[in-house]
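Trainee: For the sequence shown, my numbering assigns the number 67 to the initial residue and increments by one for each residue that follows. Built from N, CA and C at the ideal position, the CB exists for glycine as well.
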Amino acid sequence: MTDTVKDAAPEQIEFRAEIRQLLDIIIHSLYSNRDIFLRELISNASDALNRLKFEMLTNRNVVDPDAELGIWLEVDETANMLTIRDTGIGMTHDEIVQSLGTIAHSGAKEFLKAMEEAGKKGQGVTADVIGQFGVGFYAVFMAADEVTVTSRSYKPEAEAVVWSSTGQGTYTVGPADKSERGTTIEIKLNDTSTEFAKNYKVRQIIKTHSDFVDFPIYLKEEKISSGEDDQPPEKTFEWNQINEQTAIWRQAMRDVDEEKYQSFYRQLTMDFGEPLLRIHTSADVPVQFYALLFVPSKKDYRLFGAKEDYGLKLYTRKVLIQENFKELLPQYLRFVEGVVDAEDIPLNVSREMVQKSPVIEKIKKVLVRRVAGQLEEMAGDRPDDYRTFWREFGSFIKEGLATDPDSKSKFTELLRFQSSQSKDASDLISLKQYADRMKSSQSEIYYIIGDDFKTVARSPHLEYFKKHDIEVLYLTDPLDSFMLIGLTEYNGKPLKNVDDSNLDLPEEAEAKTEAKAEETLSSDEFETLVSRFKEVLGDRVEDVRESKLLTNSPVRLVNPPDAMNANMHRVQRLLGKEYQVPKKILEINRGNVMVQNISARLTANAGDPLINPLIEQLFENELVTEGIHPNPADMIPRIQELMLAAAQMGAAPVKAEPAAAEASVVDPPAEPSEVEAEPNAESKTEE
Ligand code: ADP
Ligand code: MG
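#1: In three-state terms, what does DSSP make of ILE85?
#2: Identify which residue in LYS614, THR347, LEU680, ASP323 has its Cα closest to the Cα of GLY657.
#3: So what does ASN625 bridge to, in DSSP terms?
#4: With burial defined as no fewer than 16 other Cβ atoms inside 10 Å of the residue's Cβ, what is the status of ARG151: buried or exposed?
#5: For the putative contact between VAL239 and ILE79, defined by C-beta atoms under 8 Å, what is the C-beta separation to the nearest angstrom?
#6: With 16 as the cutoff for other CB atoms within 10 Å, does GLN164 come out buried or exposed?
#7: Quick check on the DSSP output: the alpha helix (DSSP H) that includes GLN333 runs from which residue to which?
#8: Heavy atom of the ligand NAD less than 7 Å from the Cβ of GLU106, yes or no?
#9: Need the endpoints of the alpha helix (DSSP H) that LYS119 sits in, please.
#10: With respect to the alpha helix (DSSP H) encompassing LYS431, which residues constitute its N-terminal and C-terminal limits?
#11: By a C-beta neighbour count over all protein chains shown, 10 Å radius and 16 as the cutoff for buried, is GLU340 buried or exposed?
#12: Among the candidates GLU324, ILE283, GLU310, whose CA atom is the shortest distance from the CA of GLU304?
#13: Could you pull out every residue in the same chain whose Cβ sits closer than 6 Å to the Cβ of GLU507, ignoring the five residues on either side in sequence?
#14: Determine the direct distance from the alpha carbon of PRO222 to that of PRO131, and round the result to whole angstroms.
#15: Leaving out five residues before and five after LYS600 in sequence, what residues of the same chain have Cβ atoms less than 7 Å from its Cβ?
#16: Tell me the DSSP secondary structure of ALA717 in three-state form.
#17: When burial is assigned at 16 or more other CB atoms within 10 Å of the CB, is ILE290 buried or exposed?
#18: Take every Cβ of the segment 104-115, pair it with every Cβ of the segment 268-287, and state whether three or more of those distances are shorter than 8 Å.
#19: Are the segment 345-359 and the segment 471-486 touching by the rule of at least three beta carbon pairs closer than 8 Å?
#20: State buried or exposed for ILE702, treating a residue as buried only when at least 16 other CB atoms are found within 10 Å of its CB.
#21: Rounded to a whole number of angstroms, what is the C-alpha to C-alpha distance between GLY673 and VAL602?
#22: Three-state secondary structure (DSSP) at GLU591?
#23: Can you tell me which of GLN333, ALA318, LYS364, PRO298 puts its alpha carbon nearest to the alpha carbon of ASN309?
#24: Taking only heavy atoms of the ligand MG into account, decide whether any of them is closer than 7 Å to the Cβ of GLY248.
#25: Alpha carbon to alpha carbon, what distance is there between ILE429 and ARG435?
#26: Output needed for MET444: all residues of its chain with C-beta closer than 8 Å, excluding positions within five of it in sequence on either side, in chain order.
#27: With H, G and I counted as helix, E and B as strand and the rest as coil, what does DSSP make of GLN297?
#28: Flag ASP152 as yes when its Cβ comes closer than 7 Å to any non-hydrogen atom of the ligand ADP, and as no otherwise.
#29: Entirely within the segment 491-552 and at least 4 residues each: give me those alpha helix (DSSP H) ranges in chain order.
#30: So is the beta-carbon of ASP113 under 7 Å away from any non-hydrogen atom of the ligand ADP?
#31: Cβ of ASN116 within 7 Å of any heavy atom in the ligand MG?
#32: Buried or exposed: MET709, going by 16 or more other Cβ atoms within 10 Å of its Cβ?
#33: Go ahead and pull the three-state DSSP assignment for ALA729.
#34: May I ask you to check if the CB of PHE203 is nearer than 7 Å to at least one heavy atom of the ligand MG?
#35: Taking C-alpha atoms, which residue in LEU550, HIS534, ASN110 lies nearest to TYR540?
#36: Could you say if the segment 374-388 and the segment 485-498 meet the contact criterion of at least three C-beta pairs nearer than 8 Å?
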């Protein structure tokens with residue numbers, strides 16, 4: 067480690083602006099979390115060793131081919147120094163300028179962005195957030211007054227290089243004397259970081275953050291050897307390996323205790339909570355592999371940003387082939403974290419080739435099955451945990467159903483929905499539960515789409531179903547519409563939207579509703595009313611006709627049979643696409659008091675000024691209920707016009723029919739017969 071700088075004067079270079087910004091943030095806001103700088107340096111050393119190991123699979127022409135692959139740490143309390151050395155891939159002059167002078171890695175960029183956003187929202191930086199980011203090499207400046215990096219690349223022709231900086235805006239770089247392959251980082255600690263020059267502290271950080279690093283991490287520690295009885299004990303030093311370094315995924319489950327799993331999970335994910343699910347598995351056929359996977363208990367920020375660093379760690383025979391390897395699981399299972407170690411990946415192929423290997427495809431099949439199986443087990447054995455799972459990751463399962471036909475057979479049972487029988491929004495059921503309590507006469511599974519539990523529960527579409535005690539699934543998650551693209555039936559029963567105009571409803575139930583229609587408006591009256599609706603609404607509706615299903619509400623909107631998938635309208639609206647209100651069929655309930663009163667007004671005086679606004683408002687109310695109104699605020703002037711009419715009705719007793727109350731903006735004051743008797747009187751109050 068006695069690297070002396072050659073005669074040539076080192077070059078002084080300014081840090082790029084974004085690095086200065088990063089340094090500033092790191093030094094000032096992560097201060098309470100200084101330990102992580104060592105984690106970052108060790109993980110860089112480990113990366114460098116992995117890259118070297120990978121290179122050496124095909125190339126023996128490297129500097130020091132027989133040097134032990136490891137990491138060595140040494141403190142000097144008196145000098146307040148910490149040194150970390152590795153025998154990894156090393157850096158050339160150009161690489162060191164590129165790697166330590168710019169922000170090459172995505173972690174830091176993402177970090178800066180998150181800091182900026184947290185700043186905008188006036189939030190502080192929590193340890194939680196920091197833990198999730200690899201802030202990288204620059205974290206060292208939280209603890210350092212000066213950092214010197216001396217490196218010798220594995221390439222035989224490359225020359226050693228030394229980089230040095232105080233983290234104050236510039237760094238120097240120049241030639242060095244270092245004959246052994248690898249990188250040595252010497253840190254002159256600052257006055258408030260003296261603890262990092264103490265072995266107990268360094269040991270503790272290694273144990274907490276880097277216990278499962280694949281290479282031995284040695285710490286130079288004092289060895290007290292008691293001499294002869296009358297001699298003072300002799301002080302010597304020895305290099306002790308601190309980290310566990312076991313590939314626990316290759317061990318039998320019974321040999322790994324809970325604590326090891328925990329700390330492995332923590333180091334893998336930087337999540338300090340407990341995982342919801344652990345899958346420790348291996349297989350011999352069709353391919354031999356070991357896997358240790360986790361489902362975290364919280365969604366990770368990484369799953370949403372532009373950053374694509376999800377994916378499993380792929381090893382082959384304990385050599386890390388690739389971090390964030392995405393081909394081992396379908397994309398929708400990207401919330402699963404973990405390690406896969408495959409026996410049979412040929413090592414002399416490029417990483418791109420590995421991705422296309424049939425071995426990977428086979429492992430993927432097994433893993434998907436295991437994940438689905440274990441989640442199903444969790445749903446049965448640990449319903450509370452499963453609820454948490456569904457809340458955090460349910461949308462990924464739905465995404466799977468929408469995007470991958472293969473997912474259907476494995477993940478359909480995992481779906482959970484609110485339904486018309488839910489006690490509240492958090493009371494969820496599975497499709498199996500639905501199917502088990504279906505009526506014997508029922509041949510379809512019914513669902514309704516809407517914005518939220520409460521709005522949906524009020525929908526006129528549900529009246530028939532409530533009345534006949536037929537359960538309806540409430541699909542209130544924006545992703546549900548996507549999901550339906552792939553999920554069209556369950557156990558041979560088609561899934562049908564309750565606004566579908568040709569449902570195959572249980573027969574006897576339909577007969578009852580039809581019977582009810584008899585005792586309402588006469589055919590003539592109803593025809594006249596329908597014509598007026600058509601006249602007023604024009605081509606905003608596909609058709610106007612009688613409803614056979616409504617029992618309370620005045621009208622509802624149903625989907626024409628040949629319409630574009632109704633769900634796609636919602637999807638488009640959610641995506642902020644140019645939005646056109648879809649044309650629907652307006653169905654009228656002849657038995658509704660509001661409808662009968664409008665009809666009465668029409669019969670009495672076709673020019674009644676309240677008729678058209680009432681029709682308009684009935685229509686737009688339904689657009690709101692359906693979640694497809696382009697701008698509900700536009701209704702306010704008309705609502706006020708109608709309210710004014712209601713307010714002007716004088717002392718007439720206002721008796722709304724209870725069941726129809728929610729749909730009535732200006733409910734007529736009395737029984738239909740009474741209203742029929744004096745429609746003119748009412749329209750007069752208007753004038
Ligand atoms: P990241 O590790 O996310 O790439 P860092 O800031 O931690 O970002 O490191 C930046 C780069 O510096 C690394 O990608 C690597 O190329 C180089 N580097 C850092 N430490 C070492 C090391 N010990 N040996 C070789 N290269 C290193
Ligand atoms: Mg790093």
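Mentor: With the structure as the only source:
#1: ILE85: helix per DSSP, three-state reduction.
#2: It is LYS614 whose Cα lies nearest to the Cα of GLY657.
#3: BP columns for ASN625 point to ASP566.
#4: With 16 or more Cβ atoms within 10 Å of its Cβ, ARG151 is classed as buried.
#5: Contact holds; Cβ gap of about 6 Å.
#6: Counting the other CB atoms within 10 Å of its CB gives GLN164 a total below 16, which places it among the exposed residues.
#7: For GLN333, the uninterrupted alpha helix (DSSP H) run begins and ends at 324-335, by DSSP.
#8: Judged by which ligands are present, the ligand NAD is missing from the structure shown, whose ligands are the ligand ADP and the ligand MG.
#9: Its alpha helix (DSSP H) spans residues 102-122.
#10: Taken as a continuous stretch (DSSP letters only), the alpha helix (DSSP H) holding LYS431 covers 424-447.
#11: The residue is exposed, with fewer than 16 neighbouring Cβ atoms inside 10 Å.
#12: For the residues GLU324, ILE283, GLU310, the minimum Cα distance to GLU304 belongs to ILE283.
#13: It is worth fixing the name first, because residue 507 is Ser in this sequence and not Glu. Excluding residues within five positions, the ones whose Cβ falls inside 6 Å are PRO572.
#14: Roughly 11 Å separates the two Cα atoms.
#15: So the list reads VAL610, once near-sequence residues are dropped.
#16: Summary for ALA717: the model assigns pLDDT 49, below 50, so the residue's position carries little reliability, and this model does not support an answer.
#17: ILE290 should be labelled exposed.
#18: These segments touch.
#19: Taking one beta carbon from each stretch, the segment 345-359 and the segment 471-486 have fewer than 3 pairs nearer than 8 Å; the two do not touch.
#20: Under this definition ILE702 is an exposed residue.
#21: Looking at the two C-alpha atoms, the distance is approximately 13 Å.
#22: Reduced to three states, the DSSP call for GLU591 is helix.
#23: Checking every option, the nearest Cα to that of ASN309 belongs to GLN333.
#24: Every heavy atom of the ligand MG is 7 Å or more from the Cβ of GLY248, so no.
#25: For ARG435 and ILE429, the distance between alpha carbons rounds to 10 Å.
#26: The residues are LEU342, LEU343, ASP451, TYR452, PHE455.
#27: Residue state, collapsed to three classes: coil.
#28: Annotation for ASP152 indicates a beta carbon within 7 Å of some heavy atom of the ligand ADP.
#29: Fully contained in the segment 491-552 are the following alpha helix (DSSP H) runs of length 4 or more, in chain order: 497-502, 519-523, 529-533, 544-552.
#30: Taking non-hydrogen atoms of the ligand ADP into account, the C-beta of ASP113 is found less than 7 Å away from one of them.
#31: The ligand MG has no heavy atom closer than 7 Å to the beta-carbon of ASN116.
#32: Exposure of MET709 is indicated by the presence of fewer than 16 other C-beta atoms within 10 angstroms of its C-beta.
#33: For ALA729, the pLDDT reaches just 42, beneath the cut-off of 50, and the residue's location in the model is therefore unreliable, although a value from the coordinates is still provided. Under the three-state reduction of DSSP output, ALA729 falls in the helix class.
#34: Flag set: Cβ of PHE203 near the ligand MG.
#35: Distance check between TYR540 and each of LEU550, HIS534, ASN110 places LEU550 closest, using alpha-carbon atoms only.
#36: Segments in contact, no.
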